[in-house]
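Just so it is clear: in the sequence shown, position 194 is 194 by this note's numbering, and no numbers are missing. Backbone N, C-alpha and C fix where the C-beta goes; we use that ideal spot for every residue, glycine too. Bear in mind that the values here come from a model prediction, so they are computed numbers and not experimental data.
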Amino acid sequence: MRQKLAAGNWKMNGTSATLPELKALADTYGTAGVDVLICPPAALLHRAAEVIDGSAVAVGGQDCHADGAGAHTGDTSAEMLKDAGASSVIVGHSERRTDHNESDAAVCAKAETAMATGLTAIVCLGESLQQRDAGETLEVIGSQLAGSVPEQSTGDSLVIAYEPIWAIGTGKVPTLEQIGEVHGFLRAQLVARFGNEVGAAVRLLYGGSVKPSNATEIFAVEDVDGALVGGASLKATDFAPIIAALE
Ligand code: PEP
1 MRQKLAAGNW KMNGTSATLP ELKALADTYG TAGVDVLICP PAALLHRAAE VIDGSAVAVG
61 GQDCHADGAG AHTGDTSAEM LKDAGASSVI VGHSERRTDH NESDAAVCAK AETAMATGLT
121 AIVCLGESLQ QRDAGETLEV IGSQLAGSVP EQSTGDSLVI AYEPIWAIGT GKVPTLEQIG
181 EVHGFLRAQL VARFGNEVGA AVRLLYGGSV KPSNATEIFA VEDVDGALVG GASLKATDFA
241 PIIAALE
């Protein structure tokens with residue numbers, strides 16, 4: 001049985017004034033039967049870790065460098081994230097793939113470093129609208145999965161987030177059939193590559209305009225083990241019902 005996961009990605013949003021939202025979640029969901037993760041901006045991570053200390057809510061990073069340390073101005077290492085209290089890190093979010101030209105190989109290197117540091121890597125992948133309209137979705141997803149996921153992945157160290165680019169922050173959501181098709185494909189690819197045990201243990205999140213109003217139906221789709229949530233994770237009153245929909 002895979003434990004459900006509700007992961008929030010605050011992106012480049014939030015200051016110390018936003019931390020009470022995290023406190024409200026930690027107070028409410030400290031004993032929930034769902035893993036709850038919030039990925040605040042790196043500058044807030046340490047303080048966020050203090051806020052959730054003693055609760056069942058975890059914090060994670062939004063990106064890490066592939067190198068352990070060194071001359072990489074402005075970057076954050078996996079070790080630094082772990083030291084600040086992170087248990088996980090998102091890698092390969094489409095905004096990073098676009099804004100920073102991150103290739104599958106670069107994402108894979110980051111995920112490898114994260115895993116070697118003891119962090120769970122949440123590897124994001126997803127097609128553009130143009131690719132979906134051209135009927136290339138499974139081809140694109142298969143190629144991103146093959147190129148972005150490290151060989152040494154395990155059921156604990158890897159989470160995959162399927163995030164159609166056209167659904168992120170747009171209010172548009174694929175049909176339940178489309179989500180089910182991609183998640184079923186991802187599960188089959190993972191089993192083929194890593195075997196039954198690891199392939200069945202890796203959690204598959206859906207991401208892209210998940211809201212309290214659509215969470216329940218999305219979570220009922222087979223092989224959807226939770227969500228990676230952007231906008232609706234910024235307020236506890238929006239994120240709490242999404243978590244509740246997983247219980
Ligand atoms: C995301 O940033 O990963 C995301 C899914 O954003 P939103 O929920 O706002 O669409």
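With a threshold of 8 Å on Cβ separation, who are the neighbours of residue i within its own chain once the five nearest residues in sequence on each side are excluded?
| i | result |
| --- | --- |
| SER87 | LEU37, ALA58, VAL59, GLY60, LEU119, THR120 |
| GLU79 | GLY68, ALA69, THR117 |
Nearest by alpha-carbon distance to residue i: which of the options is it?
| i | options | result |
| --- | --- | --- |
| ALA105 | HIS65, TRP10, PHE185 | HIS65 |
| ALA111 | THR175, LEU246, ASP156, LEU45 | ASP156 |
| LEU22 | SER55, LYS4, GLY33, MET12 | SER55 |
| PRO164 | ASP27, VAL51, ASP133 | ASP133 |
| TRP166 | GLY14, GLU95, VAL51 | GLU95 |
| LYS82 | LYS11, LEU45, ALA71 | LEU45 |
| GLY146 | GLY169, ARG193, MET115, ILE179 | Note that residue 146 is Ala in the sequence shown here, rather than Gly. Here the closest residue by C-alpha is ARG193. |
Kindly examine ligand 1 and report whether one of its heavy atoms sits closer than 8 Å to the Cβ of residue i.
| i | result |
| --- | --- |
| ALA167 | yes |
| SER209 | yes |
| LEU228 | yes |
| GLY248 | An answer regarding residue 248 cannot be provided, because it is not within the stretch 1 to 247 covered by the chain. |
| CYS108 | no |
| GLU95 | yes |
| ASN9 | yes |
| THR170 | yes |
| CYS124 | yes |
Answer yes or no: the CB of residue i versus the heavy atoms of ligand 3, is any distance below 8 Å?
| i | result |
| --- | --- |
| GLU163 | With respect to ligand 3, the structure offers nothing, as its ligand set consists of ligand 1. |
Who are the Cβ neighbours of residue i in its own chain at under 6 Å, not counting the five residues just before and after it?
| i | result |
| --- | --- |
| HIS183 | LEU204, ASP223, VAL224 |
| GLY199 | LEU190, VAL191 |
| ALA236 | GLU21, ALA24, LEU25 |
Can you name, in chain order, every residue of its own chain whose Cβ lies under 7 Å from the Cβ of residue i, other than the five neighbours on each side?
| i | result |
| --- | --- |
| VAL257 | Residue 257 falls outside the range modelled here, since the chain spans only 1 to 247, and no answer is possible. |
| ALA49 | VAL59, ALA84, GLY85 |
(Q) Taking 8 Å as the cut-off, does the region 199–219 touch the region 227–247 (at least 3 CB pairs, one atom from each stretch)? (A) With the cut-off at 8 Å, the region 227–247 and the region 199–219 touch.
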